[in-house]
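Residue numbers (my numbering): 1 to 395. From the three backbone atoms N, C-alpha and C, an ideal C-beta is built for every residue, glycine too. Being a predicted model, the structure only gives us computed values, none of them experimental. Right, one structure below, let's go through it.
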Amino acid sequence: MSFSTIVIGGGVAGLSAAWALVRRGERVLVLDGRSAAPRASLAAAGMLAPSFELGPDEIPPTASVSPVEKALGDFSRQSLAQWPEFAAELEEVADTSIDLQSGGILGIAFDGRDLDQLRLRYRAMADVGAKVELLSADEVRAAAPGISPAIVGGLFAAGEGQVDPVRVIDALTNAITRFGGRIVTGIVTAVQHSGAGVEVMLASEPAPVLADRAIIATGARNLTLKSLRGEAALPAPVRPVKGEAMALSLSALAGPLPFVVRAPGAYLCPKADGRVVVGATQLEDRHNISVDQKAVDGLRAHAEKVAPCLEGIAECGRWAGLRPGTPDNAPILGPAFAHDRRIIYALGGYRNGVLLAPAMAQLAADGANSSDIHWPEAFAPARFAVPKTLARAVG
């Protein structure tokens with residue numbers, strides 16, 4: 001059987017693209033290589049936080065925003081605005097909740113230095129139209145009684161929030177299959193042009209799988225791509241960035257912690273099922289998902305500093321995942337070959353893969369069906385290509 005589109009990758013980026021395509025009536029196959037590259041989606045906290053996730057943790061007073069950072073901020077806010085409709089349609093088809101919470105995110109400060117950073121972030125976010133508000137210490141404690149009395153102020157971003165990424169993955173899986181899509185486990189070894197379409201090689205199968213086109217959403221894993229004429233694919237340099245997190249079992253915390261809290265050293269995400277997810281570490285170029293218990297102990301200590309009501313609460317899990325980072329930590333979106341849209345990249349969401357899923361999926365699905373689509377230049381694969389003159393000089 002031939003497919004309209006093969007989506008390579010079963011994380012939130014790949015499944016969201018597949019969901020967008022099956023809703024348009026396409027025959028879609030998702031190849032989920034989870035054994036080759038553990039999904040970042042299932043290890044994520046699921047924050048929808050453009051005001052806090054974008055930009056450096058410490059913003060210099062004279063910081064200037066690069067074109068890529070500006071484009072990523074705009075794209076993130078665009079995707080955030082798509083989440084309510086995306087969630088409603090997905091929940092209706094899958095007949096389940098994905099725990100979308102849009103009540104806001106609270107950043108807190110413990111000292112003057114932290115507060116200066118929040119003020120800088122406030123100005124940066126207010127300048128682009130984000131709904132942000134600086135809060136006094138008393139206002140923070142009134143909004144979230146479980147927060148430490150030692151805080152000196154806060155920053156509240158209205159309309160931002162979180163989803164449960166495990167529920168999102170489950171809902172996407174159900175919705176795709178209900179619309180006739182197929183999802184199978186398989187490790188892809190190569191993708192290449194074949195006639196008017198593409199063929200995808202699997203480690204477990206002698207014959208390739210055929211389709212009109214392919215979308216590459218492989219997370220932190222690289223693939224071999226080939227054209228009919230031996231043309232080199234545009235680069236998609238992704239690297240694994242390990243992150244560790246944990247969860248506490250707190251069914252009674254809805255009052256003390258009514259929304260996501262961001263603080264130096266940790267974030268706290270209270271979920272509808274009674275868990276509070278605490279994260280996250282960040283370790284470059286790590287390829288394993290073993291948990292460093294000492295590092296996660298440190299996350300717990302930070303969390304208890306932020307919210308003393310967490311002290312002594314039982315844990316319900318520790319885990320790790322691999323985020324797909326890129327050289328500029330922005331996604332890679334667009335055709336893998338300069339003048340051919342049969343193979344499309346939709347990967348590199350890094351820390352914002354869940355947040356960016358609706359917008360990335362829409363672009364990938366539009367691009368798979370139209371040559372007139374405008375791909376964001378800031379996310380184009382060509383930005384990582386070595387100019388031919390430089391390549392000749394180096395060679």
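Under the Cβ criterion (8 Å, minimum of three pairs), the region 306-319 does not count as touching the region 127-137. Note that the C-beta distance between Ile108 and Ile216 is not below 8 Å. Under DSSP, Ala109 takes part in a beta bridge, and its partners are Gly153. Assignment of Trp375 by DSSP, reduced to helix, strand and coil, places it in the coil class.
Taking all protein chains in view, the Cβ of Gly103 is surrounded by fewer than 16 other Cβ atoms within 10 Å, so the residue is classified as exposed. Annotation for Phe52: the continuous alpha helix (DSSP H) segment containing it runs 50-53.
Nearest to Arg27 by alpha-carbon distance, out of Leu106, Ala124, Gly180, Ala13, is Gly180. The DSSP assignment places complete beta strand (DSSP E) segments of no fewer than 3 residues inside the region 231-303 at 239-249, 260-263, 266-270, 275-279, in order along the chain. Closest by C-alpha distance to Ser97, out of Arg167, Ala158, Ala157, Ser148, is Arg167. Per DSSP, Ala220 lies in no alpha helix (DSSP H) and is assigned neither H nor E. When the alpha-carbon of Glu85 is set against those of Arg383, Arg213, Ala359, the nearest one is in Ala359.
At the C-beta level, Val260 and Gln117 stay beyond 8 Å of one another. Within the DSSP secondary-structure output, Thr224 pairs in a beta bridge with Ala190.
Between Ala190 and Thr5, the C-beta gap is not smaller than 8 Å, which leaves the two residues out of contact. Note on geometry: alpha-carbon atoms of Phe337 and Pro331 lie some 17 Å from one another. Restricted to the region 325-383, the alpha helix (DSSP H) segments that are unbroken, complete and at least 4 residues in length are 353-369, listed in chain order. Looking at the backbone, the Cα of Ala17 and that of Ser204 are separated by about 24 Å.
In this structure Val140 touches Leu106 by the C-beta definition: roughly 7 Å separates them, less than 8 Å. Trp375 is positioned such that its CB atom lies closer than 8 Å to that of Gly334. Taking all protein chains shown into account, Asn352 has 16 or more neighbouring C-beta atoms within 10 Å of its C-beta and is therefore buried.
The alpha carbon of Ala346 has as its nearest neighbour, out of Ser249, Leu355, Ala236, Leu268, the alpha carbon of Ala236. Linking Leu90 to Ala364 through their CA atoms gives a straight-line distance of about 18 Å. Beyond the five residues adjoining it in sequence on each side, Asn329 comes within less than 7 Å, by CB distance, of Tyr350 in the same chain, given in chain order. Leu100 carries a coil assignment under DSSP once its states are collapsed to helix, strand and coil.
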